[in-house]
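Structure record follows, encoded as structure tokens.
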Ligand code: SF4
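Residue numbers (my numbering): 210 to 466.
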């Protein structure tokens, strides 16, 4: 296990990292590593659901170098961008380790497509959530079976909904703890870490995609827009979750499940 990584710009790196950012970020890196190690100590089997977004590059690096007891898995919904599959391959080659890839049940997808069509998720919220359930939630529940906690890359800054998240929460629907080690990281923090360590990342981020999910349900956004606004863009702005991070009810809002 290597020492806790410091955010020091590498000589020759094309992208430089502001020193004031790096000093503040070193403390956040230490804190995140402590949270990960405490999770291993306190919750037995801990798994990380790797979405292969920018935050996932940070967490994959921290886990495989600082808390390698944590099992990393990724859900292959079958509808991911080709760039995302290439990134998965690059990650495995860099660290010489496998990410467990979990797939949906083929029979469930066949049944969904027979009823709603290959892109039935555009037909309405119910159809979209049903697709997310089959392609994401069910495989997720299989992947976390037997774990005491799961790790997420959720950050407060990502959306108004995620601003309400806690570092450690009991995930009641799934019956285990949910750990968010980089909750207080800013977008700049994430990218400072990625650039400083020359980590691989999805090239779609350079094309205006702050958040990357399934290809038919994700699009580029204008600079400065809510990072989740490119997901399920045809729906209401407060429904930008697939179900892995259930909505927290906010005063004045209607519960939507
Ligand atoms: S993001 Fe879109 S394609 Fe992916 S599981 Fe959800 S509805 Fe289906």
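The beta-carbon is built from N, C-alpha and C at its ideal position, and this holds for glycine as well.
Through-space distance from residue j to residue i, alpha-carbon basis
i           : j           : result
residue 275 : residue 325 : 44 Å
residue 370 : residue 237 : 22 Å
residue 442 : residue 334 : 12 Å
residue 273 : residue 262 : 16 Å
residue 271 : residue 444 : 34 Å
residue 415 : residue 290 : 14 Å
residue 352 : residue 417 : 31 Å
Burial state of residue i, where buried means 16 or more other Cβ atoms lie within 10 Å
i           : result
residue 294 : exposed
residue 241 : buried
residue 425 : exposed
residue 278 : exposed
residue 379 : exposed
residue 432 : exposed
residue 302 : exposed
residue 232 : exposed
residue 305 : exposed
residue 453 : buried
residue 338 : buried
residue 245 : buried
residue 401 : buried
Expected contact under 8 Å - CB spacing of residue i and residue j to nearest Å
i           : j           : result
residue 296 : residue 411 : 5 Å
Close beta carbons around residue i, own chain, < 7 Å, minus the five adjacent residues each side
i           : result
residue 367 : 436 and 437
residue 364 : 264, 371, 391, 392 and 394
residue 267 : 391, 399, 402 and 403
residue 377 : 386 and 388
Cβ-based neighbour list, residue i, same chain, cut-off 8 Å, excluding 5 preceding and 5 following
i           : result
residue 318 : 287, 343 and 344
residue 440 : 420, 422, 426, 427 and 449
residue 350 : 383
Residues near residue i in its chain [Cβ-Cβ closer than 6 Å; skip 5 each side]
i           : result
residue 340 : 330
Open item on the list: Any contact between the region 310-323 and the region 282-289? By contact I mean 3 or more CB pairs, one from each, below 8 Å.
Closed with: The region 310-323, when compared against the region 282-289, does touch it at the 8 Å Cβ threshold.
- [ ] Count the CB pairs spanning the region 347-358 and the region 245-262 that are closer than 8 Å, and state whether there are at least three.
- [x] yes
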